[in-house]
Amino acid sequence: MHPMFNGHDARWKKGKALMKILFEVPFNRSMSDEEFMECQRFVIGTMDGCDWPTDNLTDEMSLRDLIKKSYIGTRELGLNMPWRVLKSKFDKDRHWPVFEERDGKCYVAFFHAGMRKTEWVEFTQDVVRGMCECE
170 MHPMFNGHDA
180 RWKKGKALMK
190 ILFEVPFNRS
200 MSDEEFMECQ
210 RFVIGTMDGC
220 DWPTDNLTDE
230 MSLRDLIKKS
240 YIGTRELGLN
250 MPWRVLKSKF
260 DKDRHWPVFE
270 ERDGKCYVAF
280 FHAGMRKTEW
290 VEFTQDVVRG
300 MCECE
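Everything in the sequence shown is counted per my numbering, starting at 170 for the first residue and increasing by one.
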């Protein structure tokens with residue numbers, strides 16, 4: 170998932186397809202280059218903040234496995250990982266989500282400029298739904 174810098178690179182189209190899947194963008198809607206880069210930066214920034222490797226798709230899938238220890242996906246919130254909800258929250262408050270495993274469950278806290286702004290809470294469907302209600 171290294172950043173791809175121009176639309177002529179063969180990885181660019183694969184990257185766009187991946188971001189459309191991660192953010193559950195309908196297949197009949199195109200994703201602009203700006204939207205793609207913004208989504209990709211958010212995913213990579215989130216993974217970096219969690220000290221998670223960002224070398225390829227398997228790394229994102231491993232993070233998703235951690236998330237699924239506590240989060241049960243829904244169509245409204247995100248079936249596999251609620252990237253849309255997390256990014257929407259980030260766009261509003263500029264707080265990065267950081268995930269970690271504790272006692273076999275997934276916990277999240279939000280950080281800004283390296284400082285924790287929220288308590289660590291288990292990353293459940295109710296927590297994600299609460300993020301949606303704040304919008």
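Beta carbons are placed, not taken as given, at the ideal position from N, Cα and C, and that holds for glycine. Since the structure is predicted, the reported quantities are computational estimates derived from the model, not experimental observations.
Own chain residues within Cβ distance below 8 angstroms of residue i, not counting five before or after
i: H281; result: D262, R263, H264, W265
i: V290; result: Y276, V277, A278, V296
i: V194; result: M188, M200
Residue i, buried or exposed, once every other Cβ within 10 Å from all chains shown has been counted against 16
i: S239; result: buried
i: K286; result: exposed
Three-way DSSP call (helix, strand, coil) for residue i in this model
i: K274; result: strand
i: M206; result: helix
i: G184; result: helix
i: R263; result: coil
i: T227; result: helix
i: F279; result: strand
i: A284; result: Residue 284 is actually Met in this sequence, not Ala. If DSSP states are grouped into helix, strand and coil, M284 belongs with the strands.
i: F196; result: coil
i: T293; result: coil
i: G214; result: helix
i: G299; result: helix
Short Cβ contact (9 angstroms threshold) for residue i with residue j
i: F268; j: L246; result: no
i: L333; j: M300; result: Because residue 333 is not part of the residues shown, which for the chain are 170 to 304, the question remains open.
i: C114; j: F192; result: Beyond the ends of the chain as shown, which are 170 and 304, falls residue 114; an answer cannot be given.
i: K258; j: N249; result: no
i: G184; j: F205; result: yes
i: D202; j: M216; result: no
Same chain only: Cβ atoms within 6 angstroms of residue i, ignoring 5 sequence neighbours per side
i: P125; result: Only positions 170 to 304 of the chain appear in this structure, which leaves residue 125 out of reach.
i: C219; result: V267, F268
i: T293; result: S239
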